[in-house]
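Numbering (our numbering), first residue to last: 6 to 95. Think of the CB as a built atom: it goes at the ideal place given N, C-alpha and C, for glycine as much as any other residue. Have a look at the structure below, then the notes.
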């Protein structure tokens, strides 16, 4: 079972987002290095999504991500996801 974090944009300016981005990227890179992130990135409306290999990793990530902690993500939800379409899904 994988976990997906879906964030809603707060309406922050691109300037505000970019001022926090280096710290956000450092947190993301930590999870990538541990092999916990499958995919991560923004939507066109500046909302975002991240797919993690486990719910525990997703839950820990949201406690560390500056985009969430500093209000650049208005709200978020963690959803469990059964990735059953790919033959190598865990």
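Which residues in the same chain as residue i place their Cβ atom closer than 7 Å to its Cβ, once the five residues preceding and following it in sequence are excluded?
i: residue 4; result: Within the shown structure, residues of the chain are numbered from 6 to 95, placing residue 4 beyond reach of any answer.
i: residue 69; result: 32
Excluding five sequence neighbours on each side, which residues of the same chain lie with their C-beta closer than 6 Å to the C-beta of residue i?
i: residue 9; result: 56, 84, 86
i: residue 51; result: 14
i: residue 62; result: 41
Pick out whichever of the options has its Cα sitting closest to the Cα of residue i.
i: residue 67; options: 6, 7, 12; result: 12
i: residue 82; options: 19, 60, 28, 49; result: 60
According to the neighbour-count rule (16 or more other Cβ atoms, all chains shown, within 10 Å of its Cβ), is residue i buried or exposed?
i: residue 37; result: exposed
Can you find the residues in the same chain that come closer than 8 Å, C-beta to C-beta, to residue i, ignoring five residues on each side of it along the sequence?
i: residue 76; result: 15, 17
**Request:** Run through the stretch 19 to 72 for me and flag every whole alpha helix (DSSP H) of 4 or more residues, listed as ranges in chain order.
**Result:** Fully enclosed alpha helix (DSSP H) runs of no fewer than 4 residues occupy 19 to 38, 60 to 69 of the stretch 19 to 72, in order along the chain.
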